[in-house]
Amino acid sequence: MKIDVKHVAKLANLTLTEDEIKKFEGQLSSILEYVETLKEVDTDDVKETSQVTGLENVTREDETTPSLTLEQALSNTKSSQNGNFKVKAVFKES
Amino acid sequence: MNTYSPVMGLEVHVELKTKSKMFCSCSADYFGKKPNTHTCPVCLGLPGALPVPNKTAIEWCIKIGLALGCEIQLFSKFDRKNYFYPDLAKGYQISQYDQPFALKGSIVLSDGKKIGITRVHMEEDTGKLTHAGDSTMIDFNRSGVPLVEIVTEPDFENAAQVVEYLKKLQQIVRYLDVSNADMEKGDMRLEPNISLRKNDQTGLPNYKVEVKNINSFKFVDRAIEFEIKRQTEILDKGETPPQETRGFNEAKQNTVSQRIKEEANDYRYFPEPDIPPLRFTESQILDIRSQMLEMPDEKYERFQKEFGLSEYDAKILTRDRALANYFEEAVKLGQKDNISSKQIANDIINKKIDINSTPLKELIEQIAIRSQVVTIDESHLKETILLVLSENEKAVTDYKAGKTNVLMFLVGQVMRKYTSKIDAKIVMEMAQNMLQ
Amino acid sequence: MTRKKIMDIKSLTIAQAKKDLQEKKYSSVELTTAYLDRIEKLNPTLNAFITVSKAEALEQAKKADEQFSNLTIEQLSNYPLLGIPIALKDIYSTIGIRTTAGSTVLENYVPPFDATVVKKLKDAGTIIIGKTNLDAWAHGSSGENSEFGPTKNPWNTAYVPGGSSSGSAVAVAADFALAASGTDTGGSIRLPASFTNTVGLKPTYGRVSRAGIISMSSSMDTIGHFTKTVEDSALYLSVSAGQDPMDATTPDQPVPDYLKNLTKGVKGLKIGIPLEFNPFEDEPTRQANKMKMKEALNVLSKLGAEMVEISLPHTEYAIAVYYIIQPSEVSSNLARFDGIRFGNDRSSFGEEAKRRIMLGTYTLSAGYYDAYYKKAMKVRTLIKKDFDEAFKKVDAIIAPVSPTPPWKLGEKNDDPLAMYLSDIYTVTANLSGNPGLAVPIGFANELPVGMQIIGPHFSEELLFQIGHAYEQETKWFEKRPNI
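Residue numbers (my numbering), protein chains in the order written: chain D, 34 to 127; chain W, 732 to 1167; chain L, 244 to 726.
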């Protein structure tokens, strides 16, 4: 099975070196080959597991609790300005 | 030269006005607040933080579905929509993919055209980006605010239908009291997708242009007209417009390409493992339905029937729920004074009554005074006319010189001397006699 | 130092320390200091900790001592673990103490909040002595994937201690703390427990809140712990378990008194031995493990348990299912690490994380979702059904934890698939959500071996009952590594 590693890396927002691309091509293929074994299993009338404990309908009431302070919110960022997180310009609209 | 007909669908995002956000208990009232002061580990996407869905938001989404005549799904779930963008804290948006809360509804426009609603689903808003030179600022106050997305079938044929649909949708969510639906504040965001079909062609066109950044009804119209023109030119050259997302530019009143969609985004949807699925019973749905008040179309029909209003009056009075309620309360109150619903409707509409500054009692009193039929004491009227004539000598001279139209002015002056309404016809006849 | 004699931390358990502290045989500060001293001396060799929170720990211990002096016995019962030093896997968010997940991506990340379990442990009076080493993002079975260096097995430092909760297992095995927390997504508690002669609990999915613990695979992550004894494990779970409004996957299931049935014994219990968990090939190391399992089952038989052969027919697909679901969820859970709000950017991910992100991104991508993730979630249903069927016939299941004893550091590094296969006996319980208790069953070639007791959902009480009966008979925990 041949995987388009570069395309997948783009979806995953990862920058890979040429070496990594080569390595992953081989490794991912062998893992995917291994999991092919699932094709043997007849799952025609089987529902997928969503919650393994069968739990459903968990919600919370519409009530507010205090938020983090601005200082806490920004405490782990390397780049902020005027209370905002700051990144290099992304696509400029219009 | 070919002729084309537009094929248009609409995605509308409505931000709910719940107290707290969709998956955390930060306040959802973020508008105009200091950046990043309404955030917590959940809506900032800090490691380990988990979403817990807001019950009220889910009920409101179902209400919207019900108001749009949708089939409410008894089994539903949240899914993760995976993509990267700096305003998306978790690297995925919690949304609904193949099992949304509501499917298959419609809105009927005034010309009888039925716009099919494909689905109504619940999701969360993203943070807000502000572009400043070579950097972009991110405020996560909006991150996680509940959003309901309403998707239509490609049923629109022209911009006017789109605008009417949007106005109706806005009216419905306001009636439900689940959103302010204020376009300018971004409570209601719309993305039309527009393509053109050759008139001899069947099926859907093989491309679709999505337009974003439209924040008023006026601009929807502009954006659509612009796109129709732009796409017509391309098609006339024998080419196919590229499938893409375009942004509406307010200043230039045109649309600009944002990015060409690469073979459609691959969002890698999968069921959100952090949130158990939701199952409703018929009776729970009935319960939600029973909490719903009358919707605009129903009220419009009822106002005509129950109060004998014209279509026009009924339309205006049901435009928003507060006004409609005011009218109905006024009718109740007016019954004691034998004031008809028609009189009240006329008064509210013609006098452009401000319902917030005019207490109901005052409104009724005013109408009562104005509509009192006063038997006029003829000698008193005569005296009043004489008084007015003596006060307006110039007008009298003008009248005698043939400018008979000043008569109306004089009649008006007489009527102003009375606090209650008197019959203008009688005043006119008497004044005419006295002037001769 | 006369006190040191009383406080022989090598033989100390939570149950014993609780008693001693209440009787003021020694103070919590003394106890904490004894552990801190030992960590200072031995951690450089074993590398069990990423961060030692000495100042905070001593502060907490001082406060605990004040409480011991000021509170009535009745009031003290609100603090079931008062003064007890514990360690936390460095994937549990701790307010004010950096939390790395074993990755340089988070080398400077200091959470502004505590995980729910951390709050509960603090409220119960524990002393948090430090944050333990792990395979980065909990990806691994050996501890070698840590970006802060591998943890060594105290029984022989040339060997791996098992992973991913490597530092926590070693912290308990080497007497650096009385208990240590872990996470188990595919065996990450049970495997290192069996490699270090410690008791490791993987609770039922949802039994303990995941809120604030850095997610690996949300549908399988379970939050458990290491202790020396089964009784201690029960004491700890009494504090950590329960529904959490911050984690929608924790059911409203009452938390029983986990000590209640502890000493009831195994007489009359039906123990299932799954046919499919019979790995035993010709390799001598595997033969040794097989022998230990046989001995353990004999002990339980002697104690009155009835052994019943059962079948879990879909076991052979468990690894394949696991290595689809887990990387898929990993790829999404690791998307938030973009370097904007916290941490370093995505170029800091290590190779294993990148491999799993790539694998999971692929299996979720357009055109493959149905064939991989959806299919795996269906086979998962069948695996769960196998367990449901089995538990109609037996009270609990006993199986080996690992097909092999601990391996040497570096031995499996180049073959990810071989490493993945070491989870072969543990992943099924993660797929099915069942609880599993790993209990030491002795030594093969002087390296520890463990078994796991698997029960129906929310049957932790029963697992403790079986584990305790076996443990009291064998007392493997009394054997301590020579370091």
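All residues carry an ideal CB built from backbone N, CA and C; glycine is no exception.
Determine whether the Cβ of residue i lies closer than 9 Å to any Cβ atom of chain D.
{"i": "Lys812(W)", "result": "no"}
{"i": "Gln708(L)", "result": "no"}
{"i": "Ser751(W)", "result": "yes"}
{"i": "Leu769(W)", "result": "In the sequence on display, residue 769(W) carries His and not Leu. It does: the Cβ of His769(W) has a partner Cβ on chain D nearer than 9 Å."}
{"i": "Cys757(W)", "result": "yes"}
Figure out for me which residue from the options has the closest Cα to the Cα of residue i.
{"i": "Lys617(L)", "options": "Lys764(W), Glu1003(W) and Leu797(W)", "result": "Glu1003(W)"}
{"i": "Val1137(W)", "options": "Gly843(W), Tyr828(W) and Asn1123(W)", "result": "Asn1123(W)"}
{"i": "Ser389(L)", "options": "Gly511(L), Met550(L), Asn656(L) and Lys628(L)", "result": "Asn656(L)"}
{"i": "Ile568(L)", "options": "Leu660(L), Ser554(L), Phe469(L) and Val670(L)", "result": "Val670(L)"}
{"i": "Lys535(L)", "options": "Lys268(L), Ala260(L) and Ser437(L)", "result": "Ser437(L)"}
{"i": "Lys395(L)", "options": "Lys503(L), His700(L) and Phe292(L)", "result": "Phe292(L)"}
{"i": "Gln105(D)", "options": "Thr768(W), Lys1063(W) and Ser1071(W)", "result": "Thr768(W)"}
{"i": "Ala578(L)", "options": "Val498(L), Ser460(L) and Thr472(L)", "result": "Ser460(L)"}
{"i": "Ala820(W)", "options": "Val851(W), Pro772(W) and Gly796(W)", "result": "Pro772(W)"}
Within 10 Å of its beta-carbon, does residue i have 16 or more other beta-carbons around it, so buried, or fewer, so exposed?
{"i": "Tyr811(W)", "result": "According to the sequence displayed, residue 811(W) carries Arg and not Tyr. Buried, because 16 or more other Cβ atoms sit within 10 Å of the Cβ of Arg811(W)."}
{"i": "Ser320(L)", "result": "exposed"}
{"i": "Ile64(D)", "result": "buried"}
{"i": "Gln1066(W)", "result": "exposed"}
{"i": "Gly345(L)", "result": "buried"}
{"i": "Gln265(L)", "result": "exposed"}
{"i": "Ser452(L)", "result": "buried"}
{"i": "Asn1081(W)", "result": "exposed"}
{"i": "Gly326(L)", "result": "buried"}
{"i": "Lys808(W)", "result": "buried"}
{"i": "Ile729(L)", "result": "Residue 729(L) is absent from the structure shown; chain L starts at 244 and stops at 726."}
{"i": "Met919(W)", "result": "buried"}
{"i": "Glu802(W)", "result": "exposed"}
{"i": "Glu96(D)", "result": "exposed"}
{"i": "Met489(L)", "result": "buried"}
{"i": "Arg1147(W)", "result": "exposed"}
For the beta strand (DSSP E) that contains residue i, what are its first and last residues?
{"i": "Asp427(L)", "result": "Ala422 to Asp427"}
{"i": "Gln901(W)", "result": "No beta strand (DSSP E) contains Gln901(W), which is instead part of the alpha helix (DSSP H) from Ala890 to Leu907."}
{"i": "Arg850(W)", "result": "Lys845 to Glu855"}
{"i": "Arg920(W)", "result": "Met919 to Lys929"}
{"i": "Asp588(L)", "result": "Here Asp588(L) belongs to no beta strand (DSSP E), and DSSP marks it neither H nor E."}
{"i": "Leu741(W)", "result": "Tyr735 to Glu746"}
{"i": "Ile466(L)", "result": "Thr465 to Thr470"}
{"i": "Glu549(L)", "result": "Glu549 to Ile553"}
Please report whether the beta-carbon of residue i lies at a distance below 9 Å from any beta-carbon of chain W.
{"i": "Thr98(D)", "result": "yes"}
{"i": "Asp95(D)", "result": "yes"}
{"i": "Pro446(L)", "result": "no"}
{"i": "Ala122(D)", "result": "yes"}
{"i": "Ser554(L)", "result": "no"}
Where do the ends of the alpha helix (DSSP H) carrying residue i lie?
{"i": "Asn1056(W)", "result": "Arg1052 to Gln1066"}
{"i": "Phe762(W)", "result": "Phe762(W) -> no alpha helix (DSSP H), and no H or E assigned at all."}
{"i": "Val38(D)", "result": "Val38 to Leu44"}
{"i": "Arg623(L)", "result": "Lys618 to Lys636"}
{"i": "Gly410(L)", "result": "Ser409 to Ala416"}
{"i": "Arg1020(W)", "result": "Glu1013 to Gln1022"}
Apart from the five residues just before and just after residue i, which ones in its own chain have a Cβ nearer than 6 Å to its Cβ?
{"i": "Arg953(W)", "result": "Gln984"}
{"i": "Arg1010(W)", "result": "Phe806"}
{"i": "Pro699(L)", "result": "Phe634"}
{"i": "Met868(W)", "result": "Thr861"}
Using a Cβ-Cβ distance under 9 Å, would residue i count as near chain L?
{"i": "Glu81(D)", "result": "yes"}
{"i": "Gly116(D)", "result": "no"}
{"i": "Ala106(D)", "result": "yes"}
{"i": "Glu51(D)", "result": "no"}
{"i": "Lys55(D)", "result": "no"}
{"i": "Leu103(D)", "result": "no"}
Can you list, in chain order, the residues of its chain whose CB lies under 8 Å from that of residue i, leaving out five sequence neighbours each side?
{"i": "Leu674(L)", "result": "Met463, Ala561, Val564, Tyr565, Ile568, Arg623, Ile626 and Lys627"}
Give every residue of the same chain whose Cβ lies closer than 7 Å to the Cβ of residue i, excluding the five residues on either side of it in the sequence, and list them in chain order.
{"i": "Glu1032(W)", "result": "none"}
{"i": "Thr1115(W)", "result": "Val1145 and Lys1148"}
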